[in-house]
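Contents: one structure, followed by commentary.
There are 2 protein chains.
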Amino acid sequence: MTLIGRGMSRPDATDKVRGEARFVDDLAFPGMLYARVIRSPFPHARIRRLNLTAVAAHPRVHVTVTAEDVPGENVVHVIYDDQPALATGVVRYVGEPVALLAAEDRESAREAEALAQVDYEELPLVSDPLAALEPGAPVVAVPAAAEGKDESPNLFNRMRLLKGDVERAFALADAIVEGEYKTGYQEHAYLETQGAIAVPEEEGAMAIYGSLQCPFYVQGAVAKVLGLPLAKVRVVQTATGGAFGGKEDVPSQVASLAALLAWKARRPVKLVYDREEDILVTGKRHPSVVRYRSAARRDGTLTGVEVDFVYNAGAYQTLSSAVLWRGLLTAAGPYKVPNVRIVGRSVATNTVPNGAFRGFGSPQVIFAHESQMDLLAERLGIDRLEIRRRNALRVGDETACGQRLKESVGILETLDRARELSDWEARLRRVAAFNATHAHRRRGLGVSCVLYGVGLGAKSPFLDKAGAYLKLEADGSVTVAVGTVEMGQGLTAALSQIVCDALGISPDRVHFTAVDTSRVPDSGPTVASRGTIMSGLAVLDAARKLRARILDVARELGIPEAEVSIRLPKIASSFFMKNLDPAVEGWARAEPVDWDPATGLGNPYFVYAYATHVAEVEVDLTTGEISLEDYVAVHDSGRVLNQATASGQVEGGVAQAFGFAVTEEIVEKDGRLKVKGFTTYRIPTIRDVAQSIQIEFVEALYSPGPFGAKGLGEVPLMAGHAAISRAVAHAIGRQVSTYPLSPERVKQALAG
Amino acid sequence: MTLIGRGMSRPDATDKVRGEARFVDDLAFPGMLYARVIRSPFPHARIRRLNLTAVAAHPRVHVTVTAEDVPGENVVHVIYDDQPALATGVVRYVGEPVALLAAEDRESAREAEALAQVDYEELPLVSDPLAALEPGAPVVAVPAAAEGKDESPNLFNRMRLLKGDVERAFALADAIVEGEYKTGYQEHAYLETQGAIAVPEEEGAMAIYGSLQCPFYVQGAVAKVLGLPLAKVRVVQTATGGAFGGKEDVPSQVASLAALLAWKARRPVKLVYDREEDILVTGKRHPSVVRYRSAARRDGTLTGVEVDFVYNAGAYQTLSSAVLWRGLLTAAGPYKVPNVRIVGRSVATNTVPNGAFRGFGSPQVIFAHESQMDLLAERLGIDRLEIRRRNALRVGDETACGQRLKESVGILETLDRARELSDWEARLRRVAAFNATHAHRRRGLGVSCVLYGVGLGAKSPFLDKAGAYLKLEADGSVTVAVGTVEMGQGLTAALSQIVCDALGISPDRVHFTAVDTSRVPDSGPTVASRGTIMSGLAVLDAARKLRARILDVARELGIPEAEVSIRLPKIASSFFMKNLDPAVEGWARAEPVDWDPATGLGNPYFVYAYATHVAEVEVDLTTGEISLEDYVAVHDSGRVLNQATASGQVEGGVAQAFGFAVTEEIVEKDGRLKVKGFTTYRIPTIRDVAQSIQIEFVEALYSPGPFGAKGLGEVPLMAGHAAISRAVAHAIGRQVSTYPLSPERVKQALAG
């Protein structure tokens, strides 16, 4: 009986529920020191003098590190290597690391941090991305490899997607709608803050234990900053309390800093951020400004879109080019659009460098494209769900970037099923009735459709691969190692199901070793909803190879195939006694992709996931407060390997979407983030999202995926926020164009 | 330029010289407890009552464990599973574990240990193996699978090797000599005592960090005592400060005890023996009694040998059957002997269970067979080196057990080269001249020849395999994992040379990960001088597979084969960019062996190593003290991969041989070992063995071995002690038949 598709509980659940999982701050090593980072208090300044004499003189301080100490390259290696590990000469954002110290205990480290004497000369700053593009704006940095230097020294990247004849489409359109949409910061708010322990190992090697998504990124970064061969750097992922993209790029910085101290001290060094520090100095979702024009025929058929969007990258590039790229390829939505002009720009400012966040540059443009669809529907008098239906991509269609979709296009099924589950037409009537009978409360319905290119795509196709190691033990139990991580999303459950299904064994006989970069080949990052599909394929490859060997031995033993699973211990023992190799190496690589940066056209992703969400909200007209009343989420992620963890992803994504659209806000002023931990940064609680969420999966199988699976993790957030914000607009009868929809903004909209 | 054969320095050397290697007692884990073992003070007793109330009441004691707590099987899994992890009902040797405790600190653990209340009823004991075979002797145990129950309840194993017609050979012999030879305990005296830390890991798994030779033995033992699947037990070898066989079987016990505590406490537990405890309660070299008769023709040609030998196994079997087996197959020496009758018995006594020790049951019979050769030489008036030469095995000959030697038989070359290097005939004259001119000092020359069956042989052919994991990193550095351990013998250097040679890279680009059972398949134990040959073959297999992939990529890149090594970083980068699998799994299994337990005949080993040693000693006739004056060691271990580490093995082996033959003694009385650490147990110092040791290798290549290598580690000790003891006999003109040749025994021999 196959486990595939069933709701097997997560192997990591028991430890986490019991409090026995070991997070990085639960770990210690003999002789371990505690690190603090001496950071810039200014958004833009010249370092005139850096004096650590008093720090080093603290009796409990063991070591200090400045840029001069760096044995390798003084960079946080991500994509462009423009960010120094430790600032030299100039600091470019509040919180930028300037120097490091490690002390015998945490408290002393804090005390010593305050003893650093750094003289700064403040420089003019720019924190707004549009202002940064103006001529004469302060220059944040000289970008290492800017695509757009001609336009502005602060332009990190500029990307275009050009298809068809947009002018003509707009000239001939029956309807044109336009809008400007803005979104703010979103903080990842993972339960566990950033942390890493660097442990010098034998023979000049360095081990990193950390809370992270991308062990191989960290391996590369630490090797670079220490000047070591990759084989001398080993990264072990510890139990990770949430990530959401926040542990994609940032841990390379955290680990590099810890490693520098450990390298100099020749002792283990722990660097764990506290919550306020974590929120202030680590990258978030890119604030955005999206200008969007849509052209359609009378029947609602889109004929063209024109999009210009700008992302605030912060002081260094980190992943902004990749974030921008995904925004570019998502901006037209899951719709057929024959004529397209999209231009995206990521801009340097004197603010914290932003990085990966669930959705990765797509939620910003989704807010825009779904708002636009509603505007068109309204303009043309078409039902909002129906207009999406008419434009939705189907097998054989071409995406905005010209990719012909050969299979696995489930958007229409998600729309139709969402319509049924939400009882769309009847619910519209009920909402109208409610609104007619309530003076100070308004209800509204919103629908949102998204497409999501699974995996890393043609921006970095060399990352879409994965390795796995499987070993049949002499008692028939199985050891598995993979290179992608469990961070709460349920990956281990899904992979365990694949192994169990392929080998016909029960989950308690399978053990996943801690993810360690020295165990398996670079399997890319655990991002882009690629864990299940890529590691799933690698594990499946290994399991099938092992299965073939098992069947060979079974035949020799005269065991019929039907009894192989039940008699696996005997077969495994025979492997052992006959000196047969019980270990296999699995490998997977994604289907080829291609993309032309000149036009933005091509086949940028090997497959897409889809979703339709329908939200019902209620707005208190007196307070401006928004509550979520009912929710339907229908996803096409291909084959769902584990119903329980997949549903968990959707529930969590909807909560995070509510936060993005409604409650979560960080005000930035003069390069300073006005936020004080979770006191002022309001993440949704169970009371905000405890309403019924109906979740269903329609499974448009992707034939090269493991059992037809695609990817899921990021999609619920992407679809969720727009369903909610569109429901708010529907409730109050006003467009809303800036996230978050705080009570103040709602009341402002009502007044406008 | 190949590294093979060169004296590359050991990758682990720098850390060890600097004191930066991390031995098990250097490690700690958060929440770690310290264990003590409550042990039997009696050699044989019934446990009437076990009361740990006072132990548990100690304020710093966290947990106690008795046999009732054991979740799996209450055994120390080695071969027969006859030894309980914790005694129930009866204790059978002084030091047998009865219960366990773990406390918050080491001192409290010691205090609490003294609080255990155990009532014992003493039972009659037997500690002499010959006495134990007498009818009516106290019964030590009921052996689990005794081969010889008919003879005595205390007989653990009886093995025979029967070939030809021994009666006739002796009847027709021109010369017959006979002797009885006795050897005592030898303590391993590794620098680092036994130690393990058991660490409960996530998802119900247990990790063991320990000083050990056989990680997979420990994995199996811990899985059995905890009742876990093998996949849930991971054993990591920490830097190991010497082993010599002492960390073959004993760590399974140490780790099982630590694991029981950690399992119950759900916290890490460290169990490290102190020196006195280690010497008293861990197995040593089996004390022996060997009766030997040899028959020869007038020209010195051996026509028959008859051997009866008895090993004192101690209270449990551990590895005694395997130790006995190697004794059986070594007893005839490296000589052609047409008629053979050898009977070996291992006997249970109420003493510490003996186990593996460098040479593994062979030094005892080598003492005998080399003494016999000298007796024959003397009887027949043939030069001692010459008589060995005449009998030495050659290619095409048959060993005592009927194995036809097809290749790689270098004994004659070692003999001839040792004769040259020692200047044997001239030296004999010089010695005679010295003795003629000194009243109270006598010099003597001894020669010793040995053969050594490499690997585990037909007693456990399922252990002679090995796995390796190699990964080409994106920068061209290489990560390697193997399943056999570095314990000071230089394995990592040899394996590194193989990898570097196969891939054409320099050693600083290769990194060996810590040995961890979850990384590679069960690769058998690191014993029987099998590390280089078996892991060498596995690494070579992996490296050749990787090399083939590298060449494919090089061809695609247009890189000629001659430039592949120098341009490996570029090729590795291409692997990465093209998503090619850079990981390979290597596997090796030994050539088949066979052996018939009924006759003792067959092909028990796939190949043999050989050596001839020549020692010159001086005996002070007044004090009975022996000093080593000069030494020649010539070995055939096939191809020597690393001259430096191979020479180190020989030097160390000669020192340990000197200890075995001359200085090291433990007196046993009524089941109690009379020894107090190194105060009374005298291991040789640099002053005992600092004399010139000339070392050479003749390389009779073994074609299936890596570059023709065989094995070396145990052979120097095996050959050394007999060269030294025979030199003593030559010096004093008296036979010596009991080890160690303490001053008292020498003077006794002189008086006799």
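Taken in sequence, the protein lines are chains W and V. When we follow the working numbering, the leftmost residue of the first sequence carries the number 71, and every step to the right adds one. When we follow the working numbering, the leftmost residue of the second sequence carries the number 71, and every step to the right adds one. Note that beta-carbon positions come from the ideal geometry of N, C-alpha and C, so glycine has one too.
Extent of the continuous alpha helix (DSSP H) to which residue i belongs
| i | result |
| --- | --- |
| cysteine 471/V | Looking at the DSSP string, cysteine 471/V is not in any alpha helix (DSSP H), and its letter there is neither H nor E. |
Test: residue i CB closer than 7 Å to a CB of chain V
| i | result |
| --- | --- |
| valine 548/W | yes |
| arginine 337/W | no |
| phenylalanine 93/W | no |
| arginine 363/W | no |
| proline 776/W | no |
| methionine 102/W | no |
| threonine 583/W | yes |
| proline 652/W | yes |
Exposure of residue i, with buried meaning 16 or more beta-carbon neighbours within 10 Å
| i | result |
| --- | --- |
| leucine 542/W | buried |
| phenylalanine 314/W | buried |
| asparagine 33/W | Residue 33/W falls outside the range modelled here, since chain W spans only 71 to 822, and no answer is possible. |
| threonine 750/W | exposed |
| phenylalanine 286/V | buried |
| histidine 508/V | exposed |
| alanine 115/W | buried |
| glutamate 318/V | buried |
| glycine 466/W | exposed |
Below-7 Å beta-carbon distance, residue i vs any chain W residue
| i | result |
| --- | --- |
| proline 639/V | no |
| glutamate 626/V | no |
| alanine 598/V | no |
| methionine 78/V | no |
| serine 588/V | yes |
| tryptophan 657/V | yes |
| leucine 300/V | yes |
| arginine 579/V | yes |
| aspartate 344/V | no |
| lysine 294/V | no |
Span of the beta strand (DSSP E), counted from its first residue to its last, around residue i
| i | result |
| --- | --- |
| serine 358/V | 358-366 |
| isoleucine 412/V | 409-418 |
| arginine 80/W | Careful: arginine 80/W lies outside any beta strand (DSSP E) and carries neither H nor E. |
| histidine 791/W | Run containing histidine 791/W: none in the beta strand (DSSP E); it sits in the alpha helix (DSSP H), 785-802. |
| glutamine 764/W | 763-767 |
*Indicate whether the contact test is met: 3 or more Cβ pairs, each with one atom in the segment 222-238 of chain W and one in the segment 384-391 of chain W, closer than 8 Å.*
yes
The segment 753-770 of chain W in contact with the segment 703-716 of chain W per 3-pair CB rule at 8 Å: yes
> According to a CB-to-CB cut-off of less than 8 Å, which residues of the segment 174-202 of chain W neighbour chain V?
Replying inline: Within the segment 174-202 of chain W, no residue qualifies.
### Message
If contact is defined by three or more beta carbon pairs under 8 Å, each pair taking one atom from either stretch, is the segment 376-389 of chain W in contact with the segment 412-422 of chain W?
### Response
yes
| Touching or not, the segment 747-759 of chain W and the segment 572-589 of chain W, by the rule of three or more beta carbon pairs under 8 Å? | no
request  = Would you check if the segment 295-302 of chain V and the segment 231-251 of chain V touch, i.e. whether three or more CB-CB distances between them fall below 8 Å?
outcome  = no
_At least three beta-carbon pairs within less than 8 Å, the segment 511-524 of chain W to the segment 676-686 of chain W_ = yes
Between the segment 632-650 of chain V and the segment 631-641 of chain W, can you find at least three pairs of beta-carbon atoms closer than 8 Å? No: fewer than three Cβ pairs fall under 8 Å.
Next on the checklist: Using a Cβ distance threshold of 8 Å, determine whether the segment 332-343 of chain W contacts the segment 190-198 of chain W, with at least three qualifying pairs required.
Outcome noted: no
Review point. If you pair each beta-carbon of the segment 354-364 of chain V with each one of the segment 425-434 of chain V, do three or more pairs fall below 8 Å?
Key: Put simply, the segment 354-364 of chain V touches the segment 425-434 of chain V. At least three CB pairs are less than 8 Å apart.
message: Output needed in chain order: residues of the segment 306-337 of chain V with a Cβ under 8 Å from some Cβ in chain W.
response: Ala309, Arg336
Check whether the segment 122-136 of chain W touches the segment 175-185 of chain W, taking contact to mean three or more Cβ pairs, one atom from each stretch, closer than 8 Å. These segments touch.
Q: Output, in sequence order along the chain, the residues in the segment 268-291 of chain W whose CB is closer than 7 Å to any CB in chain V.
A: Glu272, Glu273, Ala275
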